[in-house]
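Going by full-length UniProt numbering, the sequence shown opens with residue 1, and the numbers climb by one from there. The beta-carbon is built from N, C-alpha and C at its ideal position, and this holds for glycine as well.
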Amino acid sequence: MIIVYLKDNTTISGNKTKAPFNAIIGYASTNVEAYSNGNDIFISFQYNYLYGVFMGMKWQCVEYARRWVFKRKGCVFDSIDQAADMWTQLDNVQRVIDKKYFPLKKYPNGSPDPPKNESLLIYKRSGVDMLSGHVSVIVDVLPGFIQVAEENYDPYYWSGNYSRQIPYVFINESYYIEDDYPIFGWMSIEDNNQTKPLDQATINAIIN
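Pasting the structure below:
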C-alpha cells in the first residue's frame with residue numbers, strides 16, 4: 001500500500017495521481033464508491049439520484065456522506081446548505097423504506113468517548129480551504145488513528161478502502177481527532193442494530 005504524507009497530520013491512502021471529474025477514486029465499506037470532483041473548488045451543479053432517492057450534488061462531500069448512509073444503513077438525512085451545518089441542523093436520519101427516524105448522537109471533539117466507526121466526522125468552516133466545512137465518514141477506528149472515506153477533499157486515487165488516515169489522542173480523559181482543520185466532532189446513528197445495508201429486496205421496494 002502506498003501512503004503519501006500530504007499535510008502535517010493526515011495521510012492519504014494512494015498516490016498523487018489526480019483523477020478527473022467523474023472518475024471513481026476508491027471504494028469504502030465494501031460497496032460505497034467515491035468519485036473525483038476534479039478539484040475541491042469545482043461545483044458541478046449536477047445532482048445525483050440513486051434508485052430515485054436524492055443523494056446530493058456531484059461530487060461534493062455531503063453527497064458522499066448521504067450516499068454512504070443510504071447504501072450502508074438504508075437511511076438518508078435532510079438536505080442542508082453546507083457540510084458544517086450538519087453539526088447544528090441534523091438530529092436524525094430517516095430510513096427510506098418505512099420513514100422511521102433514528103437519532104444522531106453528537107460527540108464533540110474532546111469527548112470522553114472514543115471516535116466511533118461508521119460515524120460522520122463534521123468539520124468547521126475554516127479559511128479559504130474550508131469555507132463550507134467538510135464531512136467525512138469514519139470507516140475504521142484503530143489504535144491511535146481513524147480511517148475516513150470522503151469526496152471532494154483530494155482528487156487522488158485510493159490504494160486502500162479509505163481516503164485518509166487521521167491521528168487521535170487521549171488527553172485529560174478526552175479524545176481529540178487531530179486533523180489539519182478544526183473539527184466539531186462526530187455523529188453516530190443510534191439505530192440499536194435496526195438498520196442494515198441495502199439489499200435487492202429493499203432496492204426493489206424503494207423503486208416500486
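Which residues mark the beginning and the end of the alpha helix (DSSP H) in which residue i is found?
i    : result
E63  : C61 to K73
Q89  : M86 to Q89
A201 : Q200 to I207
Would you call the CB atoms of residue i and residue j closer than 8 angstroms?
i           : j    : result
P103        : N117 : no
V141        : I166 : no
E173        : E63  : no
I155        : N39  : Before going on, a small fix: residue 155 reads as Pro here, not Ile. Contact: yes.
I122        : F184 : yes
residue 211 : Y168 : Since the first residue shown for the chain is 1 and the last is 208, residue 211 is missing from the structure and cannot be characterised.
Secondary structure at residue i, three-state DSSP: helix, strand or coil?
i    : result
Y5   : Caution applies to Y5, whose pLDDT of 42 falls short of 50 and renders its modelled position unreliable; the model cannot decide the point.
A83  : helix
F184 : strand
P103 : strand
E178 : coil
DSSP has residue i in a bridge; who is on the other side?
i    : result
I166 : I146
E137 : It is Val, not Glu, that sits at residue 137 in the sequence shown. In the DSSP output, where bridge partners are listed per residue, V137 has L120 and A149.
P108 : G185
Can you name the start and end residues of the beta strand (DSSP E) that residue i belongs to?
i   : result
G56 : V53 to M57
I43 : Counting along the chain, I43 falls outside any beta strand (DSSP E), and DSSP gives it neither H nor E.
Q94 : N92 to R95
Pull up the distance between the alpha-carbon of residue i and that of residue j, whole angstroms please.
i    : j    : result
Y107 : L120 : 10 angstroms
S36  : N208 : 31 angstroms
V137 : A28  : 9 angstroms
I189 : V135 : 15 angstroms
Y5   : K99  : For Y5, the predicted structure reports a pLDDT of 42, less than 50, and the residue's modelled location is therefore unreliable. A value from the coordinates is still provided. Cα-Cα distance, rounded: 42 angstroms.
F45  : S132 : 16 angstroms
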